[in-house]
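Peer 1: Respectively, the protein sequence lines represent chains Z and F.
Numbering-wise, my numbering comes out as the position in the first sequence, counting from 1, plus 24.
Numbering-wise, my numbering comes out as the position in the second sequence, counting from 1, plus 24.
No residue lacks a Cβ here, since even glycine has one placed at the ideal position from N, Cα and C.
If you scroll down you'll find the structure; I have some questions about it.
2 protein chains.
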Amino acid sequence: MIKIAVDAMGGDFAPKEQIAGVYQALKVHDDIEITLFGEEAVMRPYLKEDHPRLKLIETEGVIPMGEKDPIGAIRSNRKSSMAMALKSVKEKTHDAVVSSGATQALIAGAHIIIGRMQGIKRTAIAPVLPTVVKGSPFILIDSGGNIEIKAEFMVQQAYFATVYAREVLGVKDPQVGLINIGTEEGKGRTLDIEAAEALKAHPAISFYGNVEPKDVLNPPTTILLSDGFTANIMMKTIEGSARGFATILKEELSQGFLGKLGLILSIKNLKAFKKRLSPEEIGGAMIYGLDGVLVKAQGSSNANGFYNAIRQARKIVDQDVLGKVRTIIEASTDEKA
Amino acid sequence: MIKIAVDAMGGDFAPKEQIAGVYQALKVHDDIEITLFGEEAVMRPYLKEDHPRLKLIETEGVIPMGEKDPIGAIRSNRKSSMAMALKSVKEKTHDAVVSSGATQALIAGAHIIIGRMQGIKRTAIAPVLPTVVKGSPFILIDSGGNIEIKAEFMVQQAYFATVYAREVLGVKDPQVGLINIGTEEGKGRTLDIEAAEALKAHPAISFYGNVEPKDVLNPPTTILLSDGFTANIMMKTIEGSARGFATILKEELSQGFLGKLGLILSIKNLKAFKKRLSPEEIGGAMIYGLDGVLVKAQGSSNANGFYNAIRQARKIVDQDVLGKVRTIIEASTDEKA
């Protein structure tokens, strides 16, 4: 049995959507046990069925989504659903945590409570996103973990993603693309040039070369790599572009009678369009580099998004991703020591 | 008379679209004289009318658009249309150059032939882009000039943009937004934190604060500022998003009979949509920090795009943007000396 700890209280629509996602996961996978960490009084309305593989652990308080001092909040509230769920993985009563709570508090809490894997210097947030044309997933690292980072840590993250892509996404020879302002060798900042050289030299990484963000919705590689600042700028630009395009499209399509008619006829298709861009359909973001499995579902997760994050956590444990990464990382650390 | 030097040979559709843009400019503005720098034999088919304010200067050779060694190319071909046009501004026989030639060669050539303005350490590429909702223009700096840069040079560029926005775009109190991963003070890399502090302290800059790229198509400020790497990543992400969205939209809209019908009815509106996103409608990118006026039109410019770049160059000269920037920059350099 794979034991999954769920922080039921974190997220924009918690605990309702989280609990619905949990029931969905229990129904599909019969090799998982789930423990809900949360306040029973708040969760009760959504706990519709008793389930032999579902448990509850009572916690006190929630880390609010807009928390201004996330590190302080998680430090001072060790009985919160988030802190207790993280602790259960540290103490090995559970194999993985899934949470859609406040990102910064979750990352800080994971560092304080679970800690980093030996030999890893920087954790990374690695969401799995859908490509636009083929619909096949790709991994974007680092989505906001490390604003300033050294090339060697980027390479560790790329290796982590390589194992993840092979074991969880089932990609045979996952390639790594470095996000850059040009495809030619030698492009970019000192950081990018150093990272490219180290990626090329790494025996266990298939380095594709530089990838320009104009291919961002349809990347030629399973893994896209950059520092946390750049990847975050990219993610937010996609969001901004989507928002801008939607606005114009709506305005233009509603001009004139024919446009209006076209809009009405197309609405069903536009909804399908929106769904295809949604990361909810694929899952959450694994936090790379911890001494335990943590999957971060989006704050705005609905039941299906949260279910997908649980499914992802299950597979990470089942395929022993951490064990596989650990062997190589520890070996390379030993060499250096 | 404002004398404008046009590099007629650079650009994906040169010299046809460039010459058509020139005729358009001569028709609209009666206070400009234009000199075409190029090879008469190549230009002849497009030179339909003689014009009292149009001259030709014969040049030899072109810097190719995909040139791999742009600096070498411009160094070794001083009789090229690009080099000769730049030289005419250095020698003050012309007030401004407009070119849609290879960007890197143009920037390198501008440094070698025209040189930097006294007191300015880094030039910047500053395109004027359309906002999505209001359609009012905004300036994005630096779009690819400086991959690694110090905060103090970013502040110089912001000041340059402030003068440009006031004099050329006619914005009374142009505000500067710093592109960042969060709106709160203290966000971002060391570079961003230092830039924010210096912008806040600058007496002649209205600093708005941080702007997230999710507002990139509709920024709250007339000026958006970042380093050349980040701004370029952002531009290319917008391009990639547009490409991806267009692909999905086309696929989704053409699914099923109603979708197809909707698509046909909406096609005119979708064309208007595309036009609204086109920087062609607004103009080119001024290169800030040179000891002369240089406007870079897009490589893919059509006649209208090129015309708009000429119009922009005319206004920069007419409003004496360089003179106004020079006064302040030189004053602040004197203080430091």
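By the criterion of Cβ-Cβ separation under 7 Å, what are the contact partners of P237/F in chain Z?
Peer 2: Going along chain Z in sequence order, the residues near P237/F (Cβ under 7 Å) are I257, K260, T261 and G264.
Peer 1: Assess contact between the segment 28-48 of chain Z and the segment 105-125 of chain Z, defined as three or more Cβ pairs (one per stretch) separated by less than 8 Å. Is contact present?
Peer 2: As far as the Cβ criterion goes, the segment 28-48 of chain Z touches the segment 105-125 of chain Z, which means the pair count is three or higher.
Peer 1: Return the Cβ separation of R140/F and D315/F in integer angstroms, given the expectation that the two are a contact with Cβ distance under 8 Å.
Peer 2: With a Cβ gap of about 6 Å, R140/F and D315/F count as contacting.
Peer 1: Which runs of the alpha helix (DSSP H) fall wholly inside the segment 92-160 of chain F and span at least 4 residues, in chain order?
Peer 2: Listed in chain order, the complete alpha helix (DSSP H) runs (minimum 4 residues) inside the segment 92-160 of chain F are 94-100, 105-114 and 127-133.
Peer 1: Whole angstroms is fine: what's the gap from S325/Z's alpha carbon to I340/Z's?
Peer 2: If you take the alpha carbons of S325/Z and I340/Z, they lie about 20 Å apart.
Peer 1: Just the chain Z side, please: which residues come within less than 8 Å of G19/F by C-beta, in chain order?
Peer 2: Not covered by the structure: residue 19/F. The range shown for chain F is 25 to 361.
Peer 1: Give the secondary structure of Y183/Z by DSSP, where H, G and I count as helix, E and B as strand, and everything else as coil.
Peer 2: The answer is helix: DSSP assigns Y183/Z an H, G or I state.
Peer 1: T59/Z by DSSP, collapsed to three states: which one?
Peer 2: Correct three-state label for T59/Z: strand.
Peer 1: Less than 8 Å between C-beta atoms, sequence neighbours within five positions excluded: which residues of the same chain meet that for K72/F?
Peer 2: Contacts found: Y47.
Peer 1: Could you pull the start and end residues of the alpha helix (DSSP H) that E41/Z belongs to?
Peer 2: Residues K40 to V52.
Peer 1: For the alpha helix (DSSP H) that I3/F lies in, which residues bound it at each end?
Peer 2: Shown here, chain F extends from 25 to 361; a query on residue 3/F therefore has no answer.
Peer 1: Could you tell me the boundaries of the beta strand (DSSP E) in which D315/Z lies?
Peer 2: Counting along the chain, D315/Z falls outside any beta strand (DSSP E), and DSSP gives it neither H nor E.
Peer 1: Rounded C-beta distance between Y183/Z and A228/Z? I'm assuming under 8 Å.
Peer 2: About 6 Å; that satisfies the 8 Å criterion.
Peer 1: Within this structure, are the beta carbons of V86/Z and G34/Z separated by less than 8 Å?
Peer 2: Yes, the Cβ-Cβ distance between V86/Z and G34/Z is below 8 Å.
Peer 1: Kindly indicate which three-state DSSP category G31/F falls into: helix, strand or coil?
Peer 2: The amino acid occupying residue 31/F in the given sequence is Asp; Gly does not appear at that position. Of the three classes helix, strand and coil, the one that applies to D31/F here is strand, per DSSP.
Peer 1: Quick check on the DSSP output: what are the complete beta strand (DSSP E) runs of length 3 or more inside the segment 221-270 of chain F, in order along the chain?
Peer 2: For the segment 221-270 of chain F, whole beta strand (DSSP E) runs of length 3 or above, ordered along the chain, are 230-235 and 247-249.
Peer 1: Compare the C-beta of N388/Z with all C-beta atoms of chain F and state if any pair is closer than 8 Å.
Peer 2: This structure gives no information on residue 388/Z, because the portion of chain Z shown stretches from 25 to 361.
Peer 1: Closer than 8 Å, Cβ to any Cβ of chain F: which residues of the segment 191-211 of chain Z, in chain order?
Peer 2: The segment 191-211 of chain Z vs chain F, Cβ under 8 Å: I203 and I205.
Peer 1: Is D36/Z close to chain F? Criterion is C-beta to C-beta, closer than 8 Å.
Peer 2: Chain F contact via Cβ: absent.
Peer 1: Can you find at least 3 beta carbon pairs, one from the segment 67-82 of chain F and one from the segment 90-102 of chain F, that sit closer than 8 Å?
Peer 2: With the cut-off at 8 Å, the segment 67-82 of chain F and the segment 90-102 of chain F do not touch.
Peer 1: Run through DSSP, which three-state label would F37/F get?
Peer 2: Correct three-state label for F37/F: coil.
Peer 1: Of all the CB atoms in chain F, is at least one closer than 8 Å to the CB of R267/Z?
Peer 2: Closer than 8 Å: yes.
Peer 1: Taking Cβ positions only, does G90/F come closer than 8 Å to chain Z?
Peer 2: G90/F does not count as touching chain Z.
Peer 1: In whole angstroms, what separates the C-alpha of K360/Z from that of Y232/Z?
Peer 2: Note on K360/Z: pLDDT 48, under 50, position unreliable in the model; the coordinate value appears next. Distance between the alpha carbons of K360/Z and Y232/Z is about 26 Å.
Peer 1: Relative to the C-alpha of G96/F, which candidate in T246/F, E63/F and L130/F has its C-alpha closest?
Peer 2: Comparing Cα positions, the closest option is L130/F.
Peer 1: Per DSSP, which one or two residues make a beta bridge with F162/Z?
Peer 2: L153/Z.
Peer 1: Roughly how many whole angstroms lie between the Cα atoms of Q343/Z and H53/Z?
Peer 2: Approximately 15 Å, taken between the alpha carbons.
Peer 1: What separation, rounded to the nearest whole angstrom, lies between the Cα atoms of E115/F and I144/F?
Peer 2: About 20 Å.
Peer 1: Looking at the secondary structure, which residues open and close the alpha helix (DSSP H) in which E82/Z lies?
Peer 2: Segment L78 to E82 is the beta strand (DSSP E) holding E82/Z; no alpha helix (DSSP H) there.
Peer 1: In chain Z, which residues lie less than 9 Å from G168/F when you measure between Cβ atoms?
Peer 2: Those are I205, listed as they occur along chain Z.
Peer 1: With distances taken Cα to Cα, identify the nearest neighbour of L215/F among K238/F, A185/F and L249/F.
Peer 2: That would be L249/F, whose Cα lies nearest to the Cα of L215/F.
Peer 1: Can you look up V195/F in the DSSP assignment and give me helix, strand or coil?
Peer 2: Three-state result, V195/F: coil.
Peer 1: Tell me the rounded alpha-carbon separation between V179/F and I171/F.
Peer 2: Taking the straight line joining both Cα atoms gives about 15 Å.
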